[in-house]
Amino acid sequence: MALHYEIIIKANPQTVWDIMLGKDTYPKWTAIFKEGSYFEGDWSLNSEMLFLGPDEEGNIGGMASRITENIPQEVLSIEHYGVVNNGVVDTNEESIKMWAPAYETYRFSQADAGTDLRVEMKMNESFDDYFNETWPLALVHLRDLCEAEANKSQES
37 MALHYEIIIK ANPQTVWDIM LGKDTYPKWT AIFKEGSYFE GDWSLNSEML
87 FLGPDEEGNI GGMASRITEN IPQEVLSIEH YGVVNNGVVD TNEESIKMWA
137 PAYETYRFSQ ADAGTDLRVE MKMNESFDDY FNETWPLALV HLRDLCEAEA
187 NKSQES
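192 is the number that this note's numbering gives the last residue of the sequence shown; the numbers go up by one with no jumps.
This is the structure:
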């Protein structure tokens with residue numbers, strides 16, 4: 037099943053792209069999903085990415101993924117294929133086979149008011165409630181970061 041989320045951000049697609057995917061800004065808006073979230077890797081086509089964060093005991097874990105499409109300021113697609121536990125990628129555990137692979141796509145398009153950002157997720161339905169609660173909050177936080185940056189740029 038696919039989940040869809042959308043928001044209009046009063047900033048150009050370049051600004052939204054940069055803030056959404058920036059090494060320093062990514063942790064700010066993704067804290068909605070997991071406080072302390074960050075990534076290792078780069079966003080280039082076919083690159084391996086680790087989306088990481090601390091658990092309750094302070095151990096680092098997260099998702100092992102790859103970039104399957106990257107058209108700057110237009111489309112970014114991610115395939116999630118495994119988990120990371122204490123720095124080790126696991127793709128074989130039975131619980132992973134229940135949901136992997138999962139897909140996440142971001143679409144950026146110019147809108148009259150700025151950027152229309154659309155998020156689509158294809159995954160096991162057991163995660164629907166969590167993402168239906170967190171994605172709207174994360175997008176509002178991302179919008180606020182992008183619009184603050186756009187306003188700062190206009191004032192300079």
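Cβ atoms here follow ideal geometry from the backbone N, Cα and C, with glycine treated the same way.
How many whole angstroms separate the CB atoms of residue i and residue j, which I take to be in contact at a CB cut-off of 8 Å?
| i | j | result |
| --- | --- | --- |
| Ile55 | Leu178 | 7 Å |
| Lys158 | Ala138 | 7 Å |
| Val120 | Gly98 | 5 Å |
| Leu39 | Trp79 | Not a contact, Cβ separation roughly 21 Å. |
| Gln109 | Gln50 | 6 Å |
Can you grab the Cα-Cα spacing for the pair residue i / residue j, in whole Å?
| i | j | result |
| --- | --- | --- |
| Ala67 | Thr61 | 10 Å |
| Lys11 | Lys188 | Any question about residue 11 goes unanswered here, given that the chain covers just 37 to 192. |
| Leu57 | Glu130 | 31 Å |
| Lys70 | Ile114 | 18 Å |
| Gly152 | Tyr41 | Checking the displayed sequence, the identity of residue 152 turns out to be Asp instead of Gly. Roughly 11 Å separates the two Cα atoms. |
| Gly89 | Phe167 | 17 Å |
| Leu86 | Asp148 | 35 Å |
| Glu93 | Gly77 | 24 Å |
| Ile96 | Gly123 | 7 Å |
In or out: residue i buried (at least 16 other Cβ within 10 Å) or exposed?
| i | result |
| --- | --- |
| Glu84 | exposed |
| Leu81 | exposed |
| Glu140 | buried |
| Gly118 | buried |
| Ile45 | buried |
| Ala186 | buried |
| Ala184 | exposed |
Would you say residue i faces chain C, with C-beta separation under 8 Å as the test?
| i | result |
| --- | --- |
| Trp135 | Any reference to chain C falls outside this structure, which holds one protein chain only. |
Would you call the segment 161-173 and the segment 142-150 in contact, with 3 or more CB pairs under 8 Å? no
Segments of 4+ residues assigned as alpha helix (DSSP H) that fall wholly inside the segment 51-125: Fully contained in the segment 51-125 are the following alpha helix (DSSP H) runs of length 4 or more, in chain order: 62-66.
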